[in-house]
Amino acid sequence: MITSGASGHRCWSVRESSRKSIARYLTQHSRCNKIRQSHVSCSSKPVDATTQPVWKRAAGGVAAAVLSASLLAGGVSARLEGVNKPELLPKEFTTVIDVAGFLTPGETKRIKREIEDLEGQTGMKLRVLAQNYPQTPGLAIKDFWGVDDDTVVFVADPSLGNILNFNVGSTIDLRIPRNFWTRLASKYGTKKYWQEKGQEASIVNAVGAIDTCAREPVGRTQCSKIQGEFGEEPSSGALGKAFFGS
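Sequential numbering of the sequence shown, starting at 21, is according to my numbering.
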């Protein structure tokens, strides 16, 4: 289920099993939030603790603080505490913040290099935050990174099982097929995957898949294959080239 807000951003859900419930929910609300996520989250006025703007809840706890489709249908509960800890931010600007310590220094360096190359060639501003809620900078990352319509905030947080969570700016939303993020989370973000392969494998593969997808020409087959760094074939990104020598 997809709906557009006044700002041009889209709200959408990883889970599509509760279409009718989501549709009823959305028709009762006046507007969608500005940042699209892998979970549906819309709000109405007045805003209370359970209907905070999606950015505040997403940055404060990401998966742990957003309303999922199953929640809208009366399923799982979600923690709604917001977090704003600028003291957890690095002193200097960086595109990768690993508060949780999932990545090695070498992996962090390679991901930064790939992000820089991706931004230079496509304009996509990929930003990576690895966290274990509530140990997160939370809302502070918005100003730190200058999040805008060209930004994809990728938050790696295993709080709700699936470690891959994304906030996608409206410009990127128009360029990347809307189901790409769902399929990416389903392939590399599941609890089974990161428990077997490690959180770092989920993060590295997700970055590689985003890099590859963002470079593909727009069309019916764009991003049809989720290809991470350690997948079936070498990715086309800088990190994949570093590992595979392509």
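Where a beta carbon is used, it is the ideal one built from N, C-alpha and C, also for glycine. Quantities reported herein were computed from a predicted structural model and do not represent experimental measurements.
What span of residues does the alpha helix (DSSP H) with ASN225 cover, start to end?
219 to 235
Within 10 angstroms of the Cβ of ARG130, are there 16 or more other Cβ atoms? Answer buried if so, exposed if not.
buried
Am I right that ILE196 and ALA234 are in contact with their C-beta atoms under 8 Å? What's the rounded C-beta distance?
7 Å
Cutting at 7 Å between CB atoms, please list the residues of its own chain near ILE183, excluding the five before and the five after it.
ALA176, ASP177, GLY209, TRP214, GLN219 and SER222
Taking only three categories from DSSP, how would you classify GLY171?
Per the sequence shown, residue 171 should be read as Thr rather than Gly. Note: THR171 maps to strand in three-state DSSP.
Around the C-beta of THR124, are 16 or more other C-beta atoms found within 10 angstroms, so that it is buried, or is it exposed?
Under this definition THR124 is an exposed residue.
Mapping the DSSP letters down to three states, classify GLU134 as helix, strand or coil.
Secondary structure at GLU134: helix, using DSSP grouped into helix, strand and coil.
As assigned by DSSP and simplified to three states, the class of VAL141
According to the sequence shown, residue 141 is Gln rather than Val. Three-state DSSP puts GLN141 in a helix.
In angstroms, rounded to a whole number, what distance separates the CA positions of GLN141 and ALA160?
27 Å
Apart from the five residues just before and just after ALA150, which ones in its own chain have a Cβ nearer than 6 Å to its Cβ?
ASP118, ALA120, PHE122 and ALA176
Ends of the alpha helix (DSSP H) at ASP163?
Judged by DSSP secondary structure, ASP163 falls within the alpha helix (DSSP H) whose first and last residues are 160 to 165.
In the DSSP assignment, find the alpha helix (DSSP H) that holds PHE186 and state where it starts and stops.
No alpha helix (DSSP H) contains PHE186, which is instead part of the beta strand (DSSP E) from 184 to 188.
Under the rule that 16 or more other beta-carbon atoms within 10 Å means buried, what is GLN247, buried or exposed?
buried
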